[in-house]
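If you're matching positions, the sequence shown starts at 4 in the working numbering and goes up one per residue.
Single-structure report; data block below.
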Amino acid sequence: MAKIIQLSPHIANLIAAGEVVERPASVVKELLENAVDAGATQVTVELRDGGMTFIRVTDNGCGMQAEDARTAFLRHATSKLRAAEDLAAISTMGFRGEALAAIASVSRIDLLTKTPGSVCGTSISLEAGNITDETEAGCPDGTTIIVRDLFFNTPARMKFMKTDSYEAGKVADTVQLQALAHPEVAFRFLRDGKEVLSTPGSGNLQDAAYSIYGRESSRMVAVDSTWENCRLTGFVCKPSDARPSRSRQVFFVNGRPVRSALLIKALEEAYRNQIMVGKFPACVLHLTVPANAVDVNVHPAKTEVKFLQEKVVFDCVHYGVLGALNKAPDRPEMAFKPAAHPVSAPAPAPVKSESKPFFRTMTAKEYQSFSAAVKSAPQPKPAAATAVVSAINERRDSLPIQETIQLPKPLEKAAIPPAPMIPEPQQQALEIPEEIPWRMVGELYNSYILVQQGEDAFFIDKHAAHERILFEKLKANQEAISSQALLTPIPCQLTPSSIAVLTEHRALLEELGFEIDEFGENTLLLRQIPMDLSPEDAADAMDALASDLQSGRCEDKSSMRDEILHTVACKAAIKAGWRTSEEELLALVKQVMETEDLKHCPHGRPICILLSKKQLEKQFKRT
Ligand code: ADP
Ligand code: MG
Numbered sequence: 004m005a006k007i008i009q010l011s012p013h014i015a016n017l018i019a020a021g022e023v024v025e026r027p028a029s030v031v032k033e034l035l036e037n038a039v040d041a042g043a044t045q046v047t048v049e050l051r052d053g054g055m056t057f058i059r060v061t062d063n064g065c066g067m068q069a070e071d072a073r074t075a076f077l078r079h080a081t082s083k084l085r086a087a088e089d090l091a092a093i094s095t096m097g098f099r100g101e102a103l104a105a106i107a108s109v110s111r112i113d114l115l116t117k118t119p120g121s122v123c124g125t126s127i128s129l130e131a132g133n134i135t136d137e138t139e140a141g142c143p144d145g146t147t148i149i150v151r152d153l154f155f156n157t158p159a160r161m162k163f164m165k166t167d168s169y170e171a172g173k174v175a176d177t178v179q180l181q182a183l184a185h186p187e188v189a190f191r192f193l194r195d196g197k198e199v200l201s202t203p204g205s206g207n208l209q210d211a212a213y214s215i216y217g218r219e220s221s222r223m224v225a226v227d228s229t230w231e232n233c234r235l236t237g238f239v240c241k242p243s244d245a246r247p248s249r250s251r252q253v254f255f256v257n258g259r260p261v262r263s264a265l266l267i268k269a270l271e272e273a274y275r276n277q278i279m280v281g282k283f284p285a286c287v288l289h290l291t292v293p294a295n296a297v298d299v300n301v302h303p304a305k306t307e308v309k310f311l312q313e314k315v316v317f318d319c320v321h322y323g324v325l326g327a328l329n330k331a332p333d334r335p336e337m338a339f340k341p342a343a344h345p346v347s348a349p350a351p352a353p354v355k356s357e358s359k360p361f362f363r364t365m366t367a368k369e370y371q372s373f374s375a376a377v378k379s380a381p382q383p384k385p386a387a388a389t390a391v392v393s394a395i396n397e398r399r400d401s402l403p404i405q406e407t408i409q410l411p412k413p414l415e416k417a418a419i420p421p422a423p424m425i426p427e428p429q430q431q432a433l434e435i436p437e438e439i440p441w442r443m444v445g446e447l448y449n450s451y452i453l454v455q456q457g458e459d460a461f462f463i464d465k466h467a468a469h470e471r472i473l474f475e476k477l478k479a480n481q482e483a484i485s486s487q488a489l490l491t492p493i494p495c496q497l498t499p500s501s502i503a504v505l506t507e508h509r510a511l512l513e514e515l516g517f518e519i520d521e522f523g524e525n526t527l528l529l530r531q532i533p534m535d536l537s538p539e540d541a542a543d544a545m546d547a548l549a550s551d552l553q554s555g556r557c558e559d560k561s562s563m564r565d566e567i568l569h570t571v572a573c574k575a576a577i578k579a580g581w582r583t584s585e586e587e588l589l590a591l592v593k594q595v596m597e598t599e600d601l602k603h604c605p606h607g608r609p610i611c612i613l614l615s616k617k618q619l620e621k622q623f624k625r626t
């Protein structure tokens, strides 16, 4: 049998580093927390090369004495936890005394620190956790830590690092989180010498949020409520400003950023029936609970929490947000409006009138004749998608439909010479032959179409059905997606890491019809978008794509293309709750009833649900 040996402190630190120090952003997170714990009111983060070669965090906090500075880098060295009794209370803050030791073990560190009372400060250098140099040094009160050459001695870990802009984006996310966690601290973040974030440190959450999100933050609704021994403060978005991903949901528990399925659920429950499927509320919420009612040490990086009284926490968030939303003006009418533009720039497209029912990209007639043409044309047909595009174009120009749409002729008709100059009247396509076996009964809730066929009743989700049909059509077109140049570029407010992941895939996005430009740390400019995407939906589409890319759901080109097509189709499809003309509904029903394999929308929701006469009779106790 092999002999059991105890791991050396260095190896133990490396293992801990694997848990705590995942990438530059995790280093910055730990250093920022320490600066805040040290009572700093001003904290500056500087980064070079995405943080891999150089991270510097400077604070004006309490500093350390020479001896403490040395001890700080030992494992389980902490000034914040002395006895086991402290554990319950202090575990709230996640003090483990592990961070500095872990960071030091995988980098080269220079520390410069001075307490306000002492005449001179201390300078310490470490390499892979070992002190290589220590001297007295003249320096201002507070602490400066420089972390160089991260993972220089753990090449395996280094391999997991992504591009500098990706890593820098993650760091920016981290700084933003800390700034929202501590509005009383003025944070500055400089990347390669350029300032990309600066908060005033006024102590007011709204000021911090404004520095980060800009004007968008002033559209949010304030939350301030107490529930038993929990307090909830912060901001939530109005239902109409819901976003296509959860990237803007920020929660703090006792001042620490956390991830918690419970908190997300409580938040989203407050928005139930107020926002559409696939949309998510945004928030910056601070929850304050008694220190011994929460455990943040579930995860070594301290981002996951466990609550002792889950029900109380849930209710606190749920009712707190619900109450704030109820008080907020203009709630009911907003649910089905397209999302407003995040930044002050004027909406680049004309606002559509509610009075005219329409398919977002085609009228029922256009749609009907188009689908008739598609059905009878040979497969696959790039021309089909071209027809969608030209139909949309023409519609935008609002010329008479008959003169502008160039639809592929059905085969048998194309054979009959001479081809008419003008396509036949559209009514022809709408005529439904006698032998059609189904009957459209009507529409429920402006959402579901009721159809009877023999002994069966079908409920068709009109949005899901239209979305699927558009998706299939776009997908059938194998050509590059054609794009429209925008006169006014569309600004998209996104998190830095979203922007980083999108710019990383710039070439691919271009092939798919998007031209993007970085514009500051939080804004991306869209100069060109796919032809079929309406400008109002473009910012949302970017957000959705970024979150898909980040989650790794679409790594390769074809799945990303599919994702874009999903988004385009989803945005272009008629929505539940909209008024739709009978002709349009009929055109949809025809497609659904005649295409066996139209079962689910591109997101997997069912398109059509069946209710048999037998089932219904059973309900009425007739059988
Ligand atoms: P923890 O924060 O869990 O105590 P760390 O390894 O992050 O563990 O830090 C170890 C100790 O070093 C802290 O408890 C604190 O006393 C000291 N320290 C770290 N950073 C600073 C700082 N910026 N200013 C003053 N003291 C610091
Ligand atoms: Mg710490």
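Positions of the beta carbon are idealized from the N, C-alpha and C atoms, including for glycine.
Check: Identify the residues that DSSP records as bridge partners of alanine 488: which are they?
Finding: Looking at the DSSP assignment, alanine 488 forms a beta bridge with Gln531.
Next item on the list: For my contact list, serine 108 and arginine 151 are in at a C-beta cut-off of 8 Å; report their separation, rounded to the angstrom.
Entry: Serine 108 to arginine 151, Cβ: 14 Å. No contact.
Margin query: On the CB-based measure, 16 or more other CB atoms within 10 Å of its CB, does arginine 218 come out buried or exposed?
Written below: Burial call: exposed.
Checklist line | Assigned secondary structure, glutamate 514 (DSSP; H/G/I helix, E/B strand, else coil) | finding: It is helical.
Next item on the list: Please report the Cβ distance between leucine 536 and proline 494, rounded to the nearest whole angstrom; I am assuming they are in contact, meaning their Cβ atoms lie under 8 Å.
Entry: Their Cβ separation, rounded to whole angstroms, is 16 Å, which puts leucine 536 and proline 494 out of contact at 8 Å.
Margin query: Can you tell me where the alpha helix (DSSP H) holding tyrosine 169 begins and where it ends?
Written below: DSSP places tyrosine 169 in the uninterrupted alpha helix (DSSP H) bounded by 167-184.
Next item on the list: Go ahead and pull the three-state DSSP assignment for isoleucine 215.
Entry: In the three-state reduction of the DSSP assignment, isoleucine 215 falls in the helix class.
Check: Where does the unbroken beta strand (DSSP E) through glutamine 622 begin, and where does it stop?
Finding: According to the DSSP assignment, glutamine 622 belongs to no beta strand (DSSP E) but to the alpha helix (DSSP H) extending over 616-622.
Check: Would you call the CB atoms of methionine 534 and isoleucine 484 closer than 9 Å?
Finding: A contact, by the Cβ cut-off of 9 Å.
Notebook entry, point to check: What does a CB cutoff of less than 7 Å around glutamate 597 pick up in its chain, not counting 5 residues either side in sequence?
Noted result: None.
Item checked: asparagine 525 (DSSP reduced to helix, strand or coil) -> In the three-state scheme derived from DSSP, where H, G and I count as helix and E and B as strand, asparagine 525 is classed as coil.
Item checked: Inter-residue Cα distance where the pair is valine 320 and leucine 235 -> Cα to Cα, the separation comes out at about 7 Å.
Item checked: Touching by the beta-carbon criterion (3+ pairs, under 8 Å), the segment 179-189 and the segment 156-165 -> Using a C-beta cut-off of 8 Å, the segment 179-189 makes no contact with the segment 156-165, since fewer than three inter-stretch Cβ pairs fall below that distance.
Next item on the list: Using DSSP bridges, identify the partner residues of arginine 59.
Entry: Within the DSSP secondary-structure output, arginine 59 pairs in a beta bridge with Glu49, Ile149.
Checklist line | First through last residue of the alpha helix (DSSP H) which encompasses aspartate 71 | finding: Where aspartate 71 is concerned, the enclosing alpha helix (DSSP H) stretches over 69-74.
Notebook entry, point to check: What residue from Ala140, Ala38, Glu513, Ser168 has the CA that sits closest to aspartate 52's CA?
Noted result: Among Ala140, Ala38, Glu513, Ser168, the Cα nearest to that of aspartate 52 is on Ser168.
Next item on the list: Starting from serine 121, trace the alpha helix (DSSP H) both ways and give me its first and last residue.
Entry: Membership of serine 121 in any alpha helix (DSSP H) is not indicated, and neither H nor E is assigned to it by DSSP.
Check: So histidine 466 is in the alpha helix (DSSP H); what residue range does that whole segment cover?
Finding: From DSSP, the alpha helix (DSSP H) with histidine 466 extends over 465-479.
Notebook entry, point to check: Beta-carbon separation of histidine 289 and glycine 237 under 9 Å?
Noted result: A contact, by the Cβ cut-off of 9 Å.
Note to self: When you compare the CB positions of cysteine 240 and proline 284, do they come within less than 9 Å of one another, or not?
What the structure shows: Between cysteine 240 and proline 284, the gap from beta carbon to beta carbon is short of 9 Å.
Check: By DSSP, does tyrosine 448 sit in helix, in strand, or in coil?
Finding: Here tyrosine 448 sits in coil by DSSP.
Notebook entry, point to check: To the nearest angstrom, how far is it from the Cα of glutamate 470 to the Cα of isoleucine 519?
Noted result: Rounded to the nearest angstrom, the two C-alpha atoms are 26 Å apart.
Margin query: If you follow the beta strand (DSSP E) that arginine 259 is in, where does it begin and where does it stop?
Written below: For arginine 259, the uninterrupted beta strand (DSSP E) segment begins and ends at 259-261.
Item checked: N-terminal and C-terminal residue of the alpha helix (DSSP H) that phenylalanine 254 is part of -> Looking at the DSSP string, phenylalanine 254 is not in any alpha helix (DSSP H); the run it does join, the beta strand (DSSP E), is 252-256.
Notebook entry, point to check: How many angstroms separate the CA atom of glutamate 272 from the CA atom of tyrosine 322?
Noted result: As the crow flies, the alpha-carbon of glutamate 272 is around 9 Å from that of tyrosine 322.
Notebook entry, point to check: Does the Cβ-Cβ distance between valine 595 and isoleucine 610 come in under 9 Å?
Noted result: The answer is yes: Cβ separation under 9 Å.
Checklist line | alanine 41 to arginine 26 span [Cα, whole Å] | finding: Alanine 41 and arginine 26: Cα-Cα distance of roughly 23 Å.
Checklist line | Cβ-based burial, lysine 6 [other Cβ within 10 Å; buried from 16] | finding: With fewer than 16 Cβ atoms within 10 Å of its Cβ, lysine 6 is classed as exposed.
Margin query: Distance cutoff 9 Å, beta carbons only. Does leucine 548 sit that close to anything in chain D?
Written below: Of the protein chains in this structure there is only one, and it is not chain D.
Notebook entry, point to check: What number of angstroms, rounded off, separates the C-alpha of glutamate 514 from the C-alpha of alanine 541?
Noted result: Rounded to whole angstroms, glutamate 514 to alanine 541 spans 16 Å at the Cα level.
Next item on the list: Go through the residues and name those whose CB comes closer than 6 Å to any heavy atom of the ligand MG, in chain order.
Entry: Ordered along the chain, the selected set is Glu33, Glu36, Asn37, Ala102.
Next item on the list: Buried or exposed for glutamate 231, please, with buried defined as at least 16 other CB atoms from any protein chain shown within 10 angstroms of its CB.
Entry: Its Cβ having fewer than 16 others within 10 Å, glutamate 231 is exposed.
Check: Considering only the beta carbon of each residue, do glycine 54 and valine 31 sit closer than 9 Å?
Finding: The Cβ atoms of glycine 54 and valine 31 sit closer than 9 Å to each other.
Check: Can cysteine 65 be considered in contact with the ligand ADP, in the sense that its beta carbon sits closer than 8 Å to one or more heavy atoms?
Finding: Relative to the ligand ADP, the beta carbon of cysteine 65 is positioned inside 8 Å of a heavy atom.
Check: Per DSSP, methionine 443 forms a beta bridge with which residues?
Finding: In DSSP, methionine 443 forms a bridge with Val454.
Next item on the list: Excluding the 5 residues preceding and the 5 following isoleucine 472 in the sequence, name in chain order all residues of the same chain whose CB lies nearer than 6 Å to its CB.
Entry: Cβ contact annotation for isoleucine 472 (same chain, cutoff 6 Å, sequence separation greater than five): Gln594, in chain order.
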